[in-house]
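Following the working numbering, the numbering of the sequence shown begins with 80 at its first residue and continues without gaps.
Glycine included, each C-beta is placed from N, C-alpha and C at the ideal position.
Bear in mind the structure is a predicted one, so any value in this text is a computation, not a measurement.
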Amino acid sequence: MNTENTATKEKTVLKYTGTIIEIGNAIQGETWIKQDFTIRTEEQYPQLINFLTFNDCQDQLTRCKLDDEVTVFFNAKSRKFNDKYYTELTAWRVNINFNKK
């Protein structure tokens with residue numbers, strides 16, 4: 080009888096909703112383009128969160144402007160450099176919330 084745990088791992092979708100307060104300049108390489116932007120969340124204690132976009136998602140960002148309310152879906156990853164960790168939030172989808180009150 081196999082008693083091994085067969086539960087599957089679920090990946091949580093990371094997302095934040097907020098207002099765009101800053102859009103950085105696009106930087107282009109030979110085969111890629113990237114751009115960063117910052118949102119302010121609408122919580123009791125608003126947070127400023129900076130995201131990075133690449134290629135297809137950067138195209139989505141070009142539709143956005145300052146003060147747009149957006150929902151950002153992203154991946155988080157960290158890397159270690161000189162004994163210090165650096166975390167990057169990479170957006171893979173940016174939805175403009177047109178129903179903002």
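Give the secondary structure of GLN137 by DSSP, where H, G and I count as helix, E and B as strand, and everything else as coil. In the structure shown, GLN137 falls within a helical segment according to DSSP collapsed to helix, strand and coil.
One or two residues paired with ALA155 in a DSSP bridge: Bridge partners of ALA155 according to DSSP: LEU168.
Leaving out the 5 sequence neighbours to the left and right, which residues in its chain are closer than 6 Å to THR141 when beta-carbon positions are compared? Around THR141: no qualifying Cβ.
For the beta strand (DSSP E) containing GLN114, list its first residue and its last residue. 112–120 is the extent of the beta strand (DSSP E) around GLN114.
Can you name the residues that DSSP bridges to LEU145? LEU145 is not bridged to any residue.
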